[in-house]
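Protein chains in written order, with our numbering: chain U, 79 to 430; chain E, 1166 to 1915. Heads up: the structure comes next, in structure tokens.
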Amino acid sequence: MNLFDYFRPSSTAEAVAAASEPGAAYLAAGTNLLDLMKTGAKRPGRLVDITRLPGLDRIEQMPDGAIRIGAMVRNADLARDKDFAAAYPAVAEALLSGASAQLRNAATVGGNLMQHTRCAYFQDPASACNRRAPGTGCDAIGGENRTHAVLGWSDACIATHPSDFSVPLVALDAMVEIEGLDGPREVALDDFHRLPGETPERETVLAPGELVTALRLPAESRAFSANQRYLKLRERTSFAFALVSAMAALDIEDGTIRAARLALGGVAAKPWRARAAEALLVGQSPGIAIFEEAARAALADAMPSGQNAFKIELARRTASRVLLLAAAGAPERMPALPASTFGTTPGALSYV
Amino acid sequence: MSDSLAFPTSHARMGSSSGQPLTRLDGHLKVTGTATYAADNHPQNMAHAVIAVSSIARGRVTSLDVAAAMAHPGVIEVITPANCPPLALDPDQKHGLFGFRFDALQNDRVRYAKQPIAVVVAETLEAATEGARLLAPTYDVEPARMGFDDGEHYDPPAVGIGAPPSFAKGDLAAGHAAATRSVDTTYETPAQYHNAMEPHAMVAEWNGDHLTIDSPNQAIVMSRALFAGYFGIPPENVLLRSPFLGGGFGSKAIMNGPYILTILAARMLQRPVKMVLSRDQMFGPVGHRGATQQHLRLGMDAEGRLTALEHNAVSTTSSFDDFIEPAANASHNIYASPAISTRHGAVRIDTGTPGPMRAPGEASGSAALECAIDEAALACGLDPLEFRLLNYAETDPATGRPFSSKALRECYAEGAKAFGWAGRPLAPRQMQDDEGRLIGWGMGTAMFPCPMFPASARATLRSDGTALVETAGADMGQGAWTALAQIAADGLGLEVERVEFRSGISDLPDAGVAGGSGHTASAGTALHNAGTEAIAKLTEIATADPASPLFGAGNAGVEARNGRLYHRGDETRSESYAEIMARAGMASLEGNGTGTRDPKDAEELAMYSHGAVFAEVKVDPDLCQVLVTRLVGAFAAGHVINPRLARSQLYGGMIWGVSFALHEEAVHDRRSGRPLNADLAGYHIPVHADIPAMQALLVEEDDPYVNVLGVKGVGEIGVTGTVGAIANAIWHATGIRSHRFPIRIEDLIG
């Protein structure tokens, strides 16, 4: 690990000023950043430790019915917040399907959005990676890429965003509150992460020094509480990133879908909102045929970026299944294995 | 820490110690964090060494920025091929049967990724780590040769540790010709890395020409001699302390470059030096299981009896040394067939040299064989258990020798009963749960040889009625501190609480290697024999002493138990060890023993542990996610010294089987040769939620030949059988036969 300056600001303004210097990085729980610093993939000259900033760790009900989640709220605390989990069961399920209990106790909401791809070539400083070192090329292309992107990738980068949490959030129209040198602003989560294009190194729309201070779920997102699920396919039952994941939320009235939300994870450099699929579902009765059609629409533009053609079919089937699960209703209790296809096994022990 | 452990007083014990499920003697130390592992040692003035490793797999190092590293605050020394003193033995030669070639800065050549190319020593770990990074090596890169297609194929002169590369009995062509049904199938297994929880670590300290090493080691006395050899000093000048290992799995029995470089650094600096490999560095110089491609051809007659069993395997090894995973040898001793033929090929690729990894050959070979047997049963329209019973080997198929004992039939029966195998439909995709998930049942036969290694031990009776027993055993977590103490106590006729057991350090009698599932048998037999020799001497004294109540009883007429000798014919005539020794004026009485097997039995009998593993899996029919939901193993391994520890070993082996079947694979970039998942986030092993309800049944087996204790081994057998059982269960659930491991969603999604 390189030598670096460590700075602990006492206010958001101080933090933003300190982090606007070139080479600075925010340190929250460090569950991703510190790993990357140890391998040398990230070498910030200054760490701005925001863990002690006041006021960023609250979950608040807003007067307009929105819910506001401070960027420093821990993943586990949010998932276990009774009111939040009742209103957004699939978000809680996504949180509990991520990482391990120890990591969830440390990792923060803001950090979850800001985490980097787990592409092995990004994490390995000896490999060519346009995302880590612009202009060096992409060793993932033509390399070991069975888990890489099938949507929205470019010739410069085929990495995926690893977050589970962001998938239901993007489906539910979450807003990201940002503090910068020029004051506060906010941006829709769907616009927050960038697709790689020619500049994969620009992972988000944040300007240097800008700090995520909170997430907000709008009041309208509460309409989906009764019918939402998150489903995650992976290579072991815990502590593994999604090969493919999906979140569906349905607003069903009198047997008709009034509004639908569908997003995919593990398929692109950002949580992937499937708006065309959502449009197909509106006005329909829930059923396997329309769900399969929606799933096909969600993956209509998918292309393998290497040895990962299977992910397209897997994502299609996952999308269709999660719609079925959402239509069946959010479970009364958190499944023993959250987001697992084995999550609803009666009598299963809780492992999380 | 002290090099003997005290038994907690809470142990309840009835009768002899052996056979009792004592909890681990060292368990309390471990769960309270007070057991000192190698890296917990911090002698005064200790410096930290970090190994700089190559990021290319083949070529030469052309420059290292030593000045930049030296300029980093805290860095003391940078060792490169330019200033690395020569070793007394050439690391490019093999020294002894367990000798491996390794990289210790003998030149600028790079032969695999993560190879040591320099050592940075600093006052702190952080400074050494950054110093190593600042070396910023440049290379002349040559194309890496990775995978079976790129490497150089050759016929290896030997496989495993000195085993012949091929075997044949009977007329294979005639066997195939006589077959009315046949199976011709291939299986691939990936490279796997041991990944013991405790990384390879060492604290080395020189005092003149005497060397003290704290380092986890599976073969303490043998390694002492090897370390001494490379530094040109007599073995007795080396003290190797290894009281606890956080797992080894074979990788801590083999010499490696980082260890030699740590000792070199300590000698150059005349300071104690500590080195701990990082997790990613464990994917380079400390061994792994080579990948295999296996081809099996089985012929069966109309009844379903094997007429030919042919098993050919190709395994990867490094460009500069040979360790060939002896996978095909798994077919030698398990199923009856008039013709058996096995053959090994090898392919040189640019990785570190493979080595023995838990069940080397048996694990990978059993995975392929048990799947092929399942295919054969299907081809014959027979239940897989029925097929195995039909081809049950009453004598060793390879040699024709009788088995010293073989309770495999009982394993099949007890395992099948506990699992509920009866009524299993023959065809796949016949069973579902309430939520529509496919259910499959599969099985595999488990088998492992019973080697014994030269071992010796010393038992010393003390005048206070206690005893000291000593052997340089290695506790990798399997429970050697406990099981060996139990055996030692029985050998002396003492309660285990009255025996002080010293182990885990190189100035004790050689306990052999903790490997090959033979440690309890080898070191245990030595301990038992040492105790019985001490008792024999004591008996001689007592029975020859007119003042003793045992006078004239004769050796055969005395029994030792609970610290007393009893007259066999008259229980009222007895005397304590302490009384006998006091009257003889003895402060102590020593007995010595070796761990051996009757050479005639070893020559004439086939000796194996056996088992049967039954697995249930559930598979999502569309999403193809697999979960093992039940795993039952029944194992016959002779006399079990400690059933609690034995079951733990078997559980551990079966969990390795789950890992082999569904999770583990080292992924290398085919172009650069670098491992891409060299951490435990990327190199998957099962988590708790992947491990189902498990049962490990201990099937009774009496073996009077294997050794005086009747002990076989349980360290590795659990891996065998389990991999095949899970793969076969997945086939039974889905109708899809995956021909590679680990079995993944994309193999099943169609």
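By construction, the Cβ of each residue, glycine as well, lies at the ideal position given by its N, Cα and C atoms.
Would you identify the three-state DSSP class for residue i, choosing helix, strand or coil?
i	result
Pro-203 (chain U)	coil
Leu-1703 (chain E)	helix
Lys-1334 (chain E)	strand
Asn-1477 (chain E)	strand
Pro-1549 (chain E)	helix
Phe-243 (chain U)	coil
Gln-1814 (chain E)	helix
Asn-153 (chain U)	helix
Met-1608 (chain E)	strand
Tyr-1742 (chain E)	helix
Lys-1195 (chain E)	helix
Gly-1316 (chain E)	coil
Met-115 (chain U)	helix
Trp-1646 (chain E)	helix
Ile-1882 (chain E)	coil
Asp-329 (chain U)	strand
Gly-220 (chain U)	coil
Arg-1444 (chain E)	helix
Ile-1670 (chain E)	strand
Thr-1899 (chain E)	helix
Would you say residue i lies against chain E (beta-carbon separation less than 8 Å)?
i	result
Leu-311 (chain U)	yes
Thr-396 (chain U)	yes
Asp-233 (chain U)	no
Leu-293 (chain U)	no
Phe-243 (chain U)	no
Tyr-429 (chain U)	Residue confidence is low: Tyr-429 (chain U) scores 40 on pLDDT, short of 50, so the model does not pin down where it sits. No coordinate-derived value is stated.
Thr-315 (chain U)	yes
Arg-399 (chain U)	yes
Ala-107 (chain U)	no
Give me, in chain order, the residues of the same chain whose beta-carbon lies closer than 6 Å to that of residue i; leave out the 5 immediate sequence neighbours on both sides.
i	result
His-1365 (chain E)	Leu-1442 and Val-1451
Thr-1174 (chain E)	For Thr-1174 (chain E), the predicted structure reports a pLDDT of 48, less than 50, and the residue's modelled location is therefore unreliable. The matter cannot be settled from this model.
With residue i and residue j assumed to form a contact (beta carbons below 8 Å), what rounded beta-carbon distance in angstroms separates them?
i	j	result
Glu-1866 (chain E)	Ala-1802 (chain E)	7 Å
Ser-1380 (chain E)	Leu-1405 (chain E)	7 Å
Arg-1574 (chain E)	Ser-1753 (chain E)	Contact doesn't hold; Cβ gap of about 49 Å is too wide.
Arg-294 (chain U)	Val-283 (chain U)	Incorrect: roughly 16 Å between the Cβ atoms, too far for contact.
Leu-1591 (chain E)	Gln-1597 (chain E)	Rounded, the Cβ-Cβ distance is 17 Å, inconsistent with contact.
Arg-1454 (chain E)	Ala-1356 (chain E)	7 Å
Val-1823 (chain E)	Val-1793 (chain E)	6 Å
Thr-1690 (chain E)	Asn-1872 (chain E)	5 Å
Glu-1353 (chain E)	Arg-1905 (chain E)	4 Å
Phe-1916 (chain E)	Val-1805 (chain E)	Absent from the model: residue 1916 (chain E). The displayed extent of chain E is 1166 to 1915, so no value can be given.
Can you find the residues in the same chain that come closer than 7 Å, C-beta to C-beta, to residue i, ignoring five residues on each side of it along the sequence?
i	result
Asp-1466 (chain E)	Ala-1343, Ala-1344, Thr-1345 and Thr-1472
Thr-1227 (chain E)	Thr-1303, Tyr-1304 and Asp-1305
Gly-1565 (chain E)	none
Is there a Cβ of chain U sitting closer than 8 Å to that of residue i, yes or no?
i	result
His-1904 (chain E)	no
Ala-1854 (chain E)	yes
Gln-1446 (chain E)	no
Asp-1868 (chain E)	no
Glu-1291 (chain E)	yes
Ala-1177 (chain E)	With a pLDDT of 43 at Ala-1177 (chain E), under the threshold of 50, the modelled position of this residue cannot be trusted, and the question is left open.
Ile-1914 (chain E)	yes
Using the DSSP secondary-structure output, state which residues sit across from residue i in a beta bridge.
i	result
Ser-1407 (chain E)	Bridge partners of Ser-1407 (chain E): none, in fact.
Phe-1800 (chain E)	E:Gly-1776 and E:Leu-1863
Tyr-1202 (chain E)	Looking at the DSSP assignment, Tyr-1202 (chain E) forms no beta bridge with any residue, so it has no partner.
Ile-145 (chain U)	U:Gln-139 and U:Leu-295
Pro-349 (chain U)	The partner list for Pro-349 (chain U) (beta bridge, DSSP) is empty, contrary to what the question assumes.
Phe-85 (chain U)	U:Val-126
Mind checking if residue i is an interface residue toward chain A, Cβ cutoff 8 Å exclusive?
i	result
Ile-1910 (chain E)	As a matter of chain content, chain A is missing from the structure shown, whose protein chains are U and E.
Ignore the nearest five residues each way along the sequence and tell me which others in residue i's own chain have a CB closer than 8 Å to its CB.
i	result
Val-360 (chain U)	Ile-335, Arg-336, Ala-337 and Ala-338
I'd like to confirm something about residue i: is its beta-carbon nearer than 7 Å to some heavy atom of the ligand SAH, or not?
i	result
Pro-1238 (chain E)	Ligands in the displayed structure: none, and consequently the ligand SAH is not present.
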